[in-house]
Structure formats: structure tokens, C-alpha cells
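Chains as they are written, first to last, in my numbering: chain D, 114 to 518; chain B, 31 to 333.
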Amino acid sequence: MNVGDGVRIALRAMLANRLRSSLTMLGLMIGVGSVILLVAVGNGAQDAISGKLANLGTRSISVFPRGTFGENTGTESRAPELTRDDVDALRRRGSAAGIESVIPVSMPTVTLTWQGSSYSPEAFVGTTPPYLGARDYDVAKGRTFTEREDVERRRVMIVGETVVDELFDGRDPIGEQVSVNNVRFEVVGVFAERGGEFGGDGDDIVMAPFGAVESNLTGPNVPLGQILVQATSEQTTGLAEREVWATLLAEHDVDDAADADFLVANLGTIVEVANTTTRIFTLLLAGVAGISLLVGGIGVMNIMLVTVSERTREIGIRKAIGAQRVHIVGQFMLEALVLSMAGGLAGVLLGVGLGQLGVESFQPAVSWGSVILAFSVSVLIGLFFGIYPANRAAALRPIEALRYE
Amino acid sequence: MSQAEPSRGQGSSNGQLAERPELAPERLARGAEQPAPVSGQSSGDPGRAPRPPGQPVVLLREVCKTYRLGEVSVRALRNVSLAVREGDLVAIMGQSGSGKTTLMNMLGALDQPDEGRYLLEGVDVRSLAESQLAEIRNHKIGFVFQGFNLIARTPALENVELPLVYAGVGRRERRRRATEALERMGLADRLEHQPAELSGGQQQRVAIARALVSDPAILLADEPTGALDSHTSESILELFSEINAQGRTVIVITHEQQVADYAKRVVQLRDGEIVDDERRVKLADAPPALAGNGALASRETLA
């Protein structure tokens, strides 16, 4: 008896019970399919998040005032936490400290008015031109503002698509004069669409030169929303981060970093944390899917046990005409194996197929590792859960099996 | 790998034998041209070694078998001694509960005696392991059951091939031998039919072909006509007679009196004991159905 004979016998038995076989395979198919799909979803989420974070640049070091994160440090009476002075102090450190540029970010609350309609964007950002590069902002229409316009405090601004829709009703805003808290700014550019970002609308934004915002909207020495420090390279990010700490602690006259009234975040670290989080998320999804795979395997065992007791008489006949134990074990193991392989293959098709579907900006990424893993696990499960029924079949005593009706 | 010589056996002179029963003793010599013994057994295997005709194929010596059904123990066989010689056609008769099924299981190496010995072609079955028993059933015993016991949804040809599959015979060889066996049963045009597409008589003939395909020492039939109408029963019994005339030892276990008319020897079993053992036709003679006298002989034969 060779494998070919065995497979033929197994296939015949499966075809004889089409409905039952397909339901058993369905269990494994859903198990394997969901492992592949959920791992793909996890990977897709990871790609999406780390892609977005990479947009922000791994050379970026962000400095936030402590109050940004809702901590009341009881320093209201003290000088503003991050100011223009901090920016200047950091600029003086320069490339020796691994710092390429220091970008102040102020975020006043404003109302835009144009031809009688008004709108408050989610973010109104006063900053310097390098911010656009550091945060990967592209201009789809018009132009960006220049260093020179910043220095000259020119009242120009770039708007996002949402602002175009809300304030200009979708019309081309280039060249329009918009009143920002009663100060006129000229629209010079429109940002390329960014979509949803960290729970917010990445297109609901207006950006204007820092100098113009300072002199027209906020006044000098206002608290900054953020200071963005660009390191000269990824390798110097660590050095720059240490320098930022040292400089600002000295500037704020604080001895212990734990008492600092500001926070320093390195985007590389944030990316890593985010990756770890999504990896755990992926593993969790895979674990849940693995349980359904296990349930599918138990289904195989269940059906094989039914098959064995249903075919007790057949087993008796086979033994009476000289089948060895190994023949009977082999026959039922092969049957379990064929079932689980067929179910596994169907699951691979299902998982890979569904993994191609994406929702808007989110695209699941099918990992071939998970395909191979899920398929081999389903086959192993088939083998494992086939062992017991097969041995039970082989252990039947021929006379009892023959007497069985 | 078991019987390597395809030319030997029932096939070659099938028809002539029935007409020339006087040749039967010579045909009984299963000895000299026998191929190599089956695996796991030495070349000195008495079962396959050359030996004179009329040697006991089956030898039971004071066999006892007791079953326990809960608290009650049932003595199914009590000191049964029986010798069946090569070429015999034996009917073992008994009512239900007489122990004939236990005896059948014993003879078929499906069960082991509690006491006493069972020698099949000189091999003590009691000393064998499970795998060796399977081999014995495969090579030395051909089973025919009341319920035909064909594998469902499997064509006749594959059913007949099955013992050869388990014996490890190559695909082409077993196909050839299975086809030959079915042709001898008059089923040449039913090779690809599934059991459900065959009549009872045809199914039983497929079962007989399956029993004979591995060229066993004995053909063991358990109530082979129990599920058949009387006309079909007769044709099956005549088939047994012809198989016997070709030299095969046939043991039929039955409760039907009609079967005894076809046997050379009738053994009566009651309450686990042999109560009567009557030889009706000499061992060397043709079976009653083919003897050319009496009512049985007037019936036309099947082959």
C-alpha cells in the first residue's frame, strides 16, 4: 500500500460525505484565513503608523511645554515655559551640538473671515519654513513662504483642503485676502491632501510665517506650542537631544531634569514605542485567530471520530482481509491530513484574498510568513487531531468491528 | 510479493476441471511449484512447504473459548478438536448459540483460543502477534461473509484488489489478478460497478473473488447464502463446489440444511461441542454438486 492508494481512499471517503467534509474544512478555512487576515491587518496598521511617523522625520526632536499634556505644575506665575529666548539659545548651540535648525511653533486660536464667511481651523500654525520640510508638508497649488518672508514678517499663509472647502466653498483661494483675527493675510498656497492624522484632520490647517504671527497675532514672547529641533543627521539625534536638555535646563534655571517645565521627545523613540504597540496588537490578533484555528482542528478530530465509528464495519472488513494496524492508522491519518490541507489551502486563498482589500488610506499587508505558518499549523493540527481517531480505529478488534451494525 | 507465479492456480484450467473431476487429487498438490513463503516466515514454513495431498490444513486440538458478558461467562467452545484436510469441502452446521461463529472467528484467525491449539497449515496461531495474524488473514484465509461486506462506494475491482494492496502487491500486478478473479466469477463486465449497483448474488461473487485473489489456503464462508434467495444460493454453493474441485479447501459455516447437501463432510455443532461428524463424499472425490449423480448434479454449473 503506497501513499497514492491511501490518498485515493481518503479522497473517496471525503467525496462520499461532501457536506460533512466541507463543513469541517470550513472550520479550518476560517481559522487559517483569519490568522492570515488579522496578521495582515496588524501589519497594515503598523506600516500606516510608522509610515506617518516617518513622515515626521526621525531627525526631529520635539520640545513641548509641560502643560501641553494637562499637567498642572503650578507655575502659572512663572515666565512662559517655552519662548523665543529658548529658540535663540538653542540656535546658538548650532551644528556643534548636532543641531541643524530650530523651529518655533506657535499655535494661536484664530478666526478666519473672508467675504462674510468665517471659520476657525483646527490648527493655525505660525512657524518657519523648515517646518514644512521637517513635517513633510507639500504644497499642491501656489507656493510656500520663504525665509525672507518670515524675516520680513510678511502676512502670507498656506491653507489646507478642509479650509478651502469650509471658508472658500471650494474655490481657488490663491491671492485672496483673508482676515485673521482682523489682520489681513494673503493666501499664497494650498497644501497637498494629507487625510486623517492621529485622530485629527490633517487638512484642517493654516500655516503662516512665525514672524508675521508674532508681530500681528500673538505679540512678542508668547508661549510657544512647540519647539522643533532638527538634528544634522540621524546619528546626531542622540547628541542633539542631550544638548537640548542641557541648554533648556540652563536657560530655565532648573537643576534636575525631573523638575523641568518642558518635555523633550525624540521621534525615533516614539516610532519605536508605536511599533512595539502595534506588534503587540498584531500578536494579539494572531492569538485570537489562532484560537479559531484550534477550534477548527477540534472540528477535524470530531469529524474523524464520527467517521471512525461510522465505518467500524469497514475497518473490520479491512482487518479481516489482512490490513495491518499501520494500514488503518495510515488511512485515517491521511484522511485527516487531506481534510486539513484542503481546509488550509482554502483558508490561504480566503486570507490572502481578503488581505488585498483596503479601506481608504489603510491597506492590510499580507505577510508570507503568516501564510506559511498558518498553513503548516493547520496541517499539524490535522495530523495531531487525526492521531487519536486513527489509533482508535486501528485498535478495534476485527470480530467486534465486523459484528458492529 | 506473496504469490509471484501468476500462471499457477485456478485460472488456467478452470473449465476442464469441472468436467474431469478425476484429476482433482493432482490439482490438490499445492506443493512443488509453490513460490517463496510470505515475509516474516522462514523458508521452512510448513504451510508453504511441499507436502503430500490430504495433509491437515486446519488442525484444532481441544480448543476452548469462554466469553464473559458481565457476570455471566459463556462457554462458546468446549474441547473442540477438528482436522480439515486439504481439498475438503466441509459444512459446519449449528443453530445460533452453538458456537459456530466463535469457531469461524477462530478458524479465520480473528480470535484466539483460551485453551488448546489451532494450527493453520502447521503454524500455531496462538503464538502469533497481531501483525502476524493480519498477515495470516491476508495470505492464508479467504473470507466470505453473509452480508458480503464489500467496501461501499468502491468499485468491484478495487474491492477485490484490497487484499493485494495490503500484501504490498504492485498496482499493475494486482489489477491483473483482481480482473482475472472477477472474470472467473463471471463478472468481467462489472469491474467498475460499485456494490450498490450489483445484485446480492453478484456482490457475493465479488466477495468470493476478493477471498480468492490472494490464493489462500482455505476459503472460509460464514453463512454465505444467508442473505440470498434460494436460486442465487444454489448458484453460490455450486461456485463453492467448483472452487473446491480445483483443489481449494472450503469451510462453510451455516445453519441451513441445504448447504450440507453440497458438502463432502458435515460437522454438527451444539452448545460449543462437536456432536456429529459425517463424511458424505470421499475427500479425493468430486463435490456432490459436480459428481454427476443425484439431484444436485443435474443442475447446470455456473462457470
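All residues carry an ideal CB built from backbone N, CA and C; glycine is no exception.
Quiz item: What number of angstroms, rounded off, separates the C-alpha of D:D198 from the C-alpha of D:F258?
Solution: Residue 198 of chain D sits at position 85 when you count from the first residue of the first sequence. Residue 258 of chain D sits at position 145 when you count from the first residue of the first sequence. Their backbone Cα atoms lie some 24 Å apart in a straight line.
Quiz item: Of the choices D:K254, D:G246, D:V272, D:G273, whose alpha-carbon is the least far from that of D:E260?
Solution: As a first step, residue 260 of chain D must be located in the first sequence, where it is residue number 147. Checking every option, the nearest Cα to that of D:E260 belongs to D:G246.
Exercise. Show which residues of chain B have a CB atom less than 8 Å away from the CB atom of D:Q527.
Key: Only positions 114 to 518 of chain D appear in this structure, which leaves residue 527 of chain D out of reach.
Self-check item: Identity of the residue in D:V484, D:K432, D:G412 nearest D:L450 by Cα
Solution: For the purposes of this step, residue 450 of chain D is identified with residue 337 of the first sequence, where counting begins at 1. When each option's Cα is compared against that of D:L450, the closest is D:G412.
Self-check item: Own chain residues within Cβ distance below 6 Å of B:V104, not counting five before or after
Solution: Indexing the second sequence from 1 puts residue 104 of chain B at position 74. Cβ within range, chain order: Y97.
Quiz item: Which residue comes first and which comes last in the beta strand (DSSP E) that contains B:R294?
Solution: One-based indexing of the second sequence puts residue 294 of chain B at position 264. Position check: residue 294 of chain B holds Lys in this sequence, whereas Arg was assumed. Where B:K294 is concerned, there is no enclosing beta strand (DSSP E), because DSSP gives it neither an H nor an E.
Quiz item: Is it true that the CB of D:S219 sits closer than 8 Å to the CB of D:F323?
Solution: Start at 1 with the first residue of the first sequence, and residue 323 of chain D comes out as number 210. Start at 1 with the first residue of the first sequence, and residue 219 of chain D comes out as number 106. Yes, the pair counts as a contact, with Cβ atoms nearer than the cut-off.
Self-check item: D:I149 versus D:Q343 - alpha carbon distance
Solution: For this step, residue 149 of chain D is matched to residue 36 along the first sequence. For this step, residue 343 of chain D is matched to residue 230 along the first sequence. Roughly 39 Å separates the two Cα atoms.
Exercise. List in chain order: all unbroken beta strand (DSSP E) runs of 3+ residues lying wholly within the region 244–284 of chain B.
Key: 248–252, 279–284
Exercise. Work out the CA separation of D:D201 and D:N334 for me, nearest whole Å.
Key: Start at 1 with the first residue of the first sequence, and residue 334 of chain D comes out as number 221. Start at 1 with the first residue of the first sequence, and residue 201 of chain D comes out as number 88. Approximately 12 Å between the Cα atoms of the pair.
Exercise. Output, in sequence order along the chain, the residues in the region 115–130 of chain D whose CB is closer than 9 Å to any CB in chain B.
Key: N115, G117, D118, R121, I122, R125, A126, L128, A129
Quiz item: Three or more beta-carbon pairs under 8 Å between the region 142–160 of chain B and the region 227–243 of chain B, yes or no?
Solution: no
Quiz item: Just to confirm, are B:A113 and B:V93 a CB contact at a threshold of 8 Å?
Solution: As a working note, residue 113 of chain B is residue 83 in the second sequence. As a working note, residue 93 of chain B is residue 63 in the second sequence. The Cβ atoms of B:A113 and B:V93 do not sit closer than 8 Å to each other.
Quiz item: Does DSSP put B:G77 in a helix, in a strand, or in coil?
Solution: Taking the first residue of the second sequence as 1, we reach residue 77 of chain B at position 47. Here the model assigns B:G77 a pLDDT of 42, short of 50, so the residue's position is not dependable and the matter cannot be decided.
Quiz item: By how many angstroms is the C-alpha of D:V301 removed from the C-alpha of D:E356?
Solution: As a first step, residue 356 of chain D is located in the first sequence; it is residue number 243 there, counting from the start. As a first step, residue 301 of chain D is located in the first sequence; it is residue number 188 there, counting from the start. Distance between the alpha carbons of D:E356 and D:V301: 36 Å.
Quiz item: Interface residues of chain D around B:P193 at Cβ under 8 Å?
Solution: In the second sequence, the residue the question calls residue 193 of chain B occupies position 163. Going along chain D in sequence order, the residues near B:P193 (Cβ under 8 Å) are I434, G435.
Quiz item: Who are the Cβ neighbours of D:Q159 in its own chain at under 6 Å, not counting the five residues just before and after it?
Solution: Here residue 159 of chain D corresponds to residue number 46 of the first sequence, with the count starting at 1. So the qualifying residues of the chain are T391.
Quiz prompt | Spatial neighbours of D:A433 in its chain, beta-carbon cut-off 8 Å, leaving aside the 5 residues before and after | solution = In the first sequence, counting from the first residue as 1, residue 433 of chain D sits at position 320. Contacts found: P511, L515.
Quiz prompt | Option in B:Q298, B:E160, B:E165, B:T131 with minimal Cα separation from B:E253 | solution = For the purposes of this step, residue 253 of chain B is identified with residue 223 of the second sequence, where counting begins at 1. Residue B:T131 is the option with its Cα nearest to B:E253.
Self-check item: Residues that DSSP places opposite D:W227 in a beta bridge
Solution: Counted from its first residue, the first sequence places residue 227 of chain D at position 114. DSSP, once it has assigned bridges, lists D:S230 as partnering D:W227.
Quiz item: Per DSSP, which one or two residues make a beta bridge with B:R91?
Solution: Taking the first residue of the second sequence as position 1, residue 91 of chain B is located at position 61. B:R91 pairs with B:R147.
Quiz item: Residues of chain B with a CB under 7 Å from the CB of D:I430: which are they?
Solution: For the purposes of this step, residue 430 of chain D is identified with residue 317 of the first sequence, where counting begins at 1. Within chain B, the residues near D:I430 are N179, I181.
Quiz item: Does DSSP classify B:I181 as helix, strand or coil?
Solution: Taking the first residue of the second sequence as 1, we reach residue 181 of chain B at position 151. Looking at B:I181 - three-state DSSP - the assignment turns out to be coil, as it is neither helix nor strand.
Exercise. Please classify B:S126: does DSSP put it in a helix, a strand, or coil?
Key: The residue you call residue 126 of chain B lines up with position 96 of the second sequence. Looking at B:S126 - three-state DSSP - the assignment turns out to be coil, as it is neither helix nor strand.
Exercise. Would you mind sorting D:S190 into buried or exposed? The rule is 16 or more other CB atoms within 10 Å of its CB.
Key: In the first sequence, residue 190 of chain D corresponds to position 77, counting from 1. For D:S190, the predicted structure reports a pLDDT of 42, less than 50, and the residue's modelled location is therefore unreliable. A value from the coordinates is still provided. Under this definition D:S190 is an exposed residue.
Quiz prompt | Selected residue, minimal CA-CA separation from D:D249, among D:L280, D:R206, D:F304 | solution = Counting from one through the first sequence, the residue named residue 249 of chain D turns up at place 136. Selected option, being the one with the closest Cα: D:F304.
Exercise. Kindly list the residues whose CB is nearer than 8 Å to the CB of B:P185, restricted to its own chain and excluding five residues on each side of it in sequence; keep chain order.
Key: The residue given as residue 185 of chain B occupies position 155 in the second sequence. L221, E222, H223, Q224.
Practice problem: Give me whichever residues DSSP pairs with B:Q288 in a beta bridge. | Solution: Taking the second sequence and counting its residues from 1, one reaches residue 288 of chain B at position 258. None; B:Q288 has no bridge partner.
Quiz item: Is the region 135–148 of chain D touching the region 436–444 of chain D in the sense that three or more CB pairs, one from each, lie closer than 8 Å?
Solution: no
Quiz item: What do you get for B:G70, buried or exposed, if any count of 16 or more other CB atoms within 10 angstroms of its CB means buried?
Solution: Start at 1 with the first residue of the second sequence, and residue 70 of chain B comes out as number 40. With a pLDDT of 39 at B:G70, under the threshold of 50, the modelled position of that residue is not reliable, and the figure given next carries that caveat. By the 10 Å Cβ count, B:G70 comes out exposed.
Quiz item: Quick one, are the C-beta atoms of B:A208 and B:V190 less than 8 Å apart?
Solution: Residue mapping note: residue 208 of chain B aligns to position 178 of the second sequence, counting from 1. Residue mapping note: residue 190 of chain B aligns to position 160 of the second sequence, counting from 1. Yes, these two residues count as a Cβ contact at 8 Å.
Practice problem: Quick one: which residues of the region 402–428 of chain D get their C-beta closer than 7 Å to a C-beta of chain B? List them in chain order. | Solution: E427
Practice problem: Assuming D:T345 contacts D:E262 (C-beta within less than 8 Å), just tell me the rounded distance between them. | Solution: If you number the first sequence from 1, residue 345 of chain D lands on position 232. If you number the first sequence from 1, residue 262 of chain D lands on position 149. No, D:T345 and D:E262 are not in contact; Cβ-Cβ is about 25 Å, not under 8 Å.
Practice problem: Note down the Cα distance separating B:M215 from B:A275, rounded to an integer number of angstroms. | Solution: For the purposes of this step, residue 215 of chain B is taken as residue 185 along the second sequence, with counting starting at 1. For the purposes of this step, residue 275 of chain B is taken as residue 245 along the second sequence, with counting starting at 1. Straight across, the Cα-Cα distance linking B:M215 with B:A275 is about 15 Å.
Quiz item: Comparing alpha-carbon positions, which option in D:N294, D:L407, D:I430, D:S328 lies nearest D:A487?
Solution: Counting from one through the first sequence, the residue named residue 487 of chain D turns up at place 374. Taking only the C-alpha atoms, the option nearest D:A487 is D:L407.
Quiz item: Taking all protein chains shown into account, do 16 or more other C-beta atoms lie within 10 angstroms of the C-beta of D:V176, making it buried, or fewer, making it exposed?
Solution: Walking along the first sequence from the start, residue 176 of chain D turns up at place 63. Burial call: buried.
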